[in-house]
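Below: one structure, written as structure tokens.
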Amino acid sequence: MEFRMHENGFESEFDFGKLTISGKDEFGFRPYALLVSSIAGCSGGVLKQVLTKMRIAFDDITITADVKRNPDIANRVEEINLHFTIFGKDLSEKKVEKALELSSKNCSMVQSVKGSINVIETFEIKPS
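Our numbering numbers the first residue of the sequence shown as 23 and each following residue consecutively.
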């Protein structure tokens, strides 16, 4: 990957388009938002794979992320709470819980920040 500086941040070209990164919302994605998005997207993608592999039928997954930052230490991200809502019929809470545990262990982004950022994953099941 290569990132090129411009007036308000950095840009990088990918096969699917341009990524603009800036510390200001009006000029691009903020670095902390990309970090949280990477963790949520990875964890959700792995959860989807695990549920499918376990033959657990579901219709949809939504993820809500709540971020706690420390303003005294460079506004660092200290905790990310990911709340998964899994939509489906007759979903077993125990099986979904097991799938979420497996997804956390197999998500490269969660494992990459382990020991630095506390990632808490919770879930609820809703009928579709």
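The C-beta atom is built at its ideal place from N, Cα and C for all residues, glycine as well.
Status (buried if at least 16 other CB within 10 Å, exposed otherwise) for residue i
i, result
"Ile-95", "exposed"
"Ile-56", "Ile is not the amino acid found at residue 56; the sequence shown has Leu there. Leu-56 is exposed by the Cβ-count criterion."
"Ala-79", "exposed"
"Met-131", "buried"
"Phe-36", "exposed"
"Ser-65", "buried"
"Ser-126", "buried"
Three-state secondary structure assigned by DSSP to residue i
i, result
"Ser-34", "strand"
"Leu-56", "helix"
"Phe-25", "coil"
"Phe-106", "strand"
"Ala-79", "coil"
"Ala-87", "strand"
"Lys-148", "strand"
Test item: CB-CB of residue i and residue j under 7 Å
i, j, result
"Ile-147", "Asn-103", "no"
"Phe-109", "Asp-81", "yes"
"Glu-29", "Lys-40", "no"
"Thr-107", "Thr-144", "no"
Expected contact under 8 Å - CB spacing of residue i and residue j to nearest Å
i, j, result
"Ile-61", "Val-135", "7 Å"
"Val-68", "Asn-128", "5 Å"
Check your understanding: At a cut of 8 Å, does the segment 64-77 reach the segment 111-131 through at least three beta carbon pairs?
Key -> yes
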